[in-house]
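For reference, the structure is listed below as structure tokens.
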């Protein structure tokens, strides 16, 4: 068996182990306080290094510090969509009970980080490029990503039957995933105002380590925050579905007329 | 304003925007979690149980 296939089998086994929502609630309940705490510690360290222990850039001056909130948000906007894509596959192919929940829970969080990347990027653009916005390939494809997130959220709200909503949202998410490589390679395929990749490169980052350390700390903090928010939102969605099923079961029971004991006539 | 002062205004604006967005999504997520927990507790207090927790009579 190839190593990739073996890894895939191991991931599937792990996923099926935690497919039970009750088990997920127990495990996530134990993990969450650690995620919040670690995210907080990394954020404090990242902000300290970013603001006090790192120099200004020789070209950008102080505005280089915007990178520490812009790049992590852009990374999470893409990672969040990747998570929705995988969850959608899990929902459509494997009918994994938590896949729908994961996809639905990730959409508003991904949208928030996409908005953060767009707003902070726009503010960074003014002193760097001389404009808040340009319809270049990277900025436009990122705006489309934001609209995709909003579309997924709207779809979940528009269809009352959550299993039908899940299927429709999964199809939209998979079709929309074509935008992810477009975002990543937009700076290579087209002539854009946005600079080329300088962190996620095959030959390693091209940023000086004095800027890279605070950036990695902030990326770690934001990523842990994303997972903390995602797990919290998944737990809420499980409870929401539990409440809905309990109420619907109660309504069904109330609608069934009481059984007439044997031997009696109405 | 000097160049450095102008630059710092952009930095503060970006961090303020990030703080508002992160705080908003965190609050919305945590408030929804609390609302769902309270709703479940309220329903259970009314005697409605999950299918898995009912014992066959």
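Residue numbers (this note's numbering), protein chains in the order written: chain A, 1097 to 1362; chain B, 165 to 221. For glycine and all other residues, C-beta sits at the position ideal for the given N, C-alpha and C.
- By the Cβ rule, the region 1166–1185 of chain A counts as touching the region 1199–1213 of chain A, because three or more pairs are nearer than 8 Å.
- Just so you know, the alpha carbons of residue 1200 (chain A) and residue 1143 (chain A) end up roughly 31 Å apart.
- Assignment of residue 1226 (chain A) by DSSP, reduced to helix, strand and coil, places it in the coil class.
- A direct Cα-Cα distance of roughly 11 Å separates residue 1299 (chain A) from residue 1293 (chain A).
- Taken in chain order, the complete beta strand (DSSP E) segments of 3 or more residues contained in the region 1272–1311 of chain A number zero; there are none.
- Put simply, the CB of residue 187 (chain B) is far from chain A, with every gap to its CB atoms at 8 Å or more.
- Setting aside the 5 residues that flank it on each side, residue 1218 (chain A) is surrounded in the same chain by 1228, 1229, each with a C-beta closer than 8 Å to its C-beta; the list follows chain order.
- Closest option to residue 178 (chain B), judged by alpha-carbon separation, among A:1328, A:1165, A:1281: A:1165.
- The C-beta separation of residue 1198 (chain A) from residue 1270 (chain A) comes to about 14 Å, leaving the pair out of contact by the 8 Å criterion.
- If one requires a minimum length of 3 residues, no beta strand (DSSP E) run lies completely within the region 1195–1226 of chain A.
- Under the three-state reduction of DSSP, residue 1153 (chain A) is assigned to strand.
- The Cβ-Cβ distance between residue 1313 (chain A) and residue 1145 (chain A) falls below 8 Å.
- In the displayed model, residue 1098 (chain A) falls within coil according to three-state DSSP, outside both helix and strand.
- Taking a C-beta cut-off of 8 Å against chain B, the contacting residues of the region 1215–1226 of chain A are 1215, 1216, 1219, 1220, 1222, 1223, listed in chain order.
- Ranked by how close their Cα comes to the Cα of residue 1108 (chain A), the residues A:1333, A:1246, A:1235, A:1190 have A:1190 in first place.
- At least one CB of chain A lies nearer than 8 Å to the CB of residue 194 (chain B).
- Contact between the region 1134–1141 of chain A and the region 1336–1345 of chain A is absent: fewer than 3 CB-CB pairs across the two stretches fall below 8 Å.
- Contact between residue 1337 (chain A) and residue 1258 (chain A) holds, with the beta-carbon distance rounding to 7 Å and staying under 8 Å.
- Counting other Cβ atoms within 10 Å of its Cβ, residue 1226 (chain A) stays below 16 and is therefore classed as exposed.
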